[in-house]
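Under my numbering, the residues of the sequence shown are numbered 2 to 229, in order.
Idealized CB from N, CA, C, for every residue including glycine.
None of these values were measured; they are calculated from a predicted model.
All remarks here apply to the structure that follows.
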Amino acid sequence: MALPEGDRGASGGGSTIALGGETACEYSWEERPGTTDYTLWDSYLKRNYPRPDRKQADSLQGSKVLKSGDTVETLCHNARLLKGCFAKANARAEYDPMGAGYLYWAKERKVDPVLLRMAIAMQETNLGGLKDSCSGGSCNGVGMNQVITIVTDSGHATNSGNRPEWAGITHNVLTNMKYGIRVLAMKIAEREPRDIAALARFYNGSPHAAEYARKVQRNYENLRACGF
2 MALPEGDRGA SGGGSTIALG GETACEYSWE ERPGTTDYTL WDSYLKRNYP RPDRKQADSL
62 QGSKVLKSGD TVETLCHNAR LLKGCFAKAN ARAEYDPMGA GYLYWAKERK VDPVLLRMAI
122 AMQETNLGGL KDSCSGGSCN GVGMNQVITI VTDSGHATNS GNRPEWAGIT HNVLTNMKYG
182 IRVLAMKIAE REPRDIAALA RFYNGSPHAA EYARKVQRNY ENLRACGF
């Protein structure tokens, strides 16, 4: 499906991030395969992507422009850098039948869909400040949103790291966001969460989901006070 006008390639309005001679959030993997703007390193396969378009130092993870740590300072710092990227991904989700349900859910509840996505990503990776952690053939997830469940274009859900989507989800910011939104939309369709906390619990799905949900709610409220 066609992307919205003005959202192909480079775009203004703070939707891209300058990283030395490269950028992040300019191209998705689908637009330009090999765009390793998040990281070159695949913790699941224990190797660098063999055909990257940049050096690791020119990726978000390698450039060290993002902070790590569970603090409001980290949250606001990383969110200011990434807000345009999340907004760009959400705008694209309007044209994705597998992801648009999340935006509809947020609109119905008067929830800011960009802030909520950042609140979840903060809990997953300190908004990109933490590296992926994989052991052997097992991962909690990969990329900014720690995606492990891949919702395909046909609506099939799989967690296979051998699928062709995996490289893009691992190495590319916008593609990771695309599939992260799809997982949220899938949880909404399956569980019909009534609010932010319920959606966060379903997204996490672990025995610690209630605490995770409380932290996501806290992150959301703190983001509203960051002063964008």
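inquiry  = With three or more C-beta pairs closer than 8 Å as the rule, is the segment 71-89 touching the segment 188-205?
reply    = No, because fewer than three Cβ pairs between the segment 188-205 and the segment 71-89 fall closer than 8 Å, the two stretches do not touch.
query = Straight-line CA distance for T17 to K89?
reply = Sequence index remark: in the sequence shown, residue 17 carries index 16 (1-based). Sequence index remark: in the sequence shown, residue 89 carries index 88 (1-based). The straight-line gap from Cα to Cα measures roughly 9 Å.
task = Please determine, among E32, G162, V73, A168, the residue with the shortest C-alpha to C-alpha distance to W42.
result = Position 41 of the sequence shown, counted from the first residue, corresponds to residue 42. Of E32, G162, V73, A168, the residue nearest in Cα terms is A168.
request  = Assign L20 to one of three DSSP states: helix, strand, or coil.
outcome  = Mapped onto the sequence shown, residue 20 falls at position 19. L20 falls in the strand class under three-state DSSP.
query = Where do the N-terminal and C-terminal ends of the alpha helix (DSSP H) with E125 fall, by residue?
reply = Counting from 1 along the sequence shown, the entry for residue 125 is found at position 124. From DSSP, the alpha helix (DSSP H) with E125 extends over 114-126.
ask   = What runs of the beta strand (DSSP E), each 3 residues or longer, lie entirely inside the segment 19-55?
value = 23-25
query = Apart from the five residues on each side of it in sequence, which residues of its chain come closer than 6 Å, Cβ to Cβ, to A211?
reply = What you label residue 211 is simply residue 210 of the sequence shown in a count that begins at 1. Hits under 6 Å: none found.
inquiry  = By the DSSP assignment, the alpha helix (DSSP H) with L131 in it spans what residues?
reply    = As a working note, residue 131 is residue 130 in the sequence shown. Per DSSP, L131 belongs to no alpha helix (DSSP H) and is neither H nor E.
ask   = Under three-state DSSP, which class holds S64?
value = Residue mapping note: residue 64 aligns to position 63 of the sequence shown, counting from 1. Correct three-state label for S64: helix.
request  = Note down, in chain order, each residue of its chain lying with its Cβ closer than 6 Å to the Cβ of I182, except the 5 sequence neighbours on either side.
outcome  = Translated into the one-based positions of the sequence shown, residue 182 becomes position 181. Closer than 6 Å at Cβ, skipping near neighbours: A94, G100, Y103.
request  = Please confirm if the segment 165-179 is in contact with the segment 31-39, defined as three or more CB-CB distances below 8 Å between the two stretches.
outcome  = yes
query = Can you round the beta-carbon distance between A122 and L128 to whole angstroms, since I take them to be within the 8 Å contact cut?
reply = The count along the sequence shown starts at 1 and reaches residue 122 at position 121. The count along the sequence shown starts at 1 and reaches residue 128 at position 127. At roughly 5 Å, the Cβ-Cβ gap stays under 8 Å, so A122 and L128 are in contact.
query = Can you tell which of K65, Q57, N220, K108 has the C-alpha that lies nearest to the C-alpha of E125?
reply = Taking the first residue of the sequence shown as position 1, residue 125 is located at position 124. If we check each option's Cα against that of E125, N220 comes out closest.
ask   = Is the CB-CB distance between D59 and G21 below 8 Å?
value = For the purposes of this step, residue 59 is taken as residue 58 along the sequence shown, with counting starting at 1. For the purposes of this step, residue 21 is taken as residue 20 along the sequence shown, with counting starting at 1. Going by C-beta atoms, D59 is nearer than 8 Å to G21.
message = Is the beta carbon of I197 closer than 8 Å to that of Q218?
response = To locate residue 218, count along the sequence shown from 1; it is residue 217. To locate residue 197, count along the sequence shown from 1; it is residue 196. Yes, these two residues count as a Cβ contact at 8 Å.
ask   = Just reading off the alpha helix (DSSP H) that I149 is part of, what are its end residues?
value = Along the sequence shown, one-based indexing puts residue 149 at 148. It is not in any alpha helix (DSSP H) - I149 carries neither H nor E in the DSSP assignment.
Three-way DSSP call (helix, strand, coil) for L83 in this model = Counted from its first residue, the sequence shown places residue 83 at position 82. Helix at L83.
Short Cβ contact (8 Å threshold) for A214 with M187 = What you label residue 214 is simply residue 213 of the sequence shown in a count that begins at 1. What you label residue 187 is simply residue 186 of the sequence shown in a count that begins at 1. Not in contact: A214 and M187 (Cβ atoms no closer than 8 Å).
message = Taking the alpha helix (DSSP H) that K179 belongs to, which residues open and close that run?
response = One-based indexing of the sequence shown puts residue 179 at position 178. 174-192 is the span of the alpha helix (DSSP H), which, as asked, contains K179.
CB of Y45 within 8 Å of CB of V143, strictly = Counting from 1 along the sequence shown, the entry for residue 45 is found at position 44. Counting from 1 along the sequence shown, the entry for residue 143 is found at position 142. Cβ distance < 8 Å, so Y45 and V143 count as in contact.
inquiry  = Quick check on the burial criterion: 16 or more other C-beta atoms within 10 angstroms. Buried or exposed for T72?
reply    = For the purposes of this step, residue 72 is taken as the residue at position 71 of the sequence shown. Per the 10 Å Cβ criterion, exposed.
request  = Reducing DSSP to helix, strand and coil, say where A158 ends up.
outcome  = Locating residue 158 in the sequence shown gives position 157, where the first residue counts as 1. Note: A158 maps to strand in three-state DSSP.
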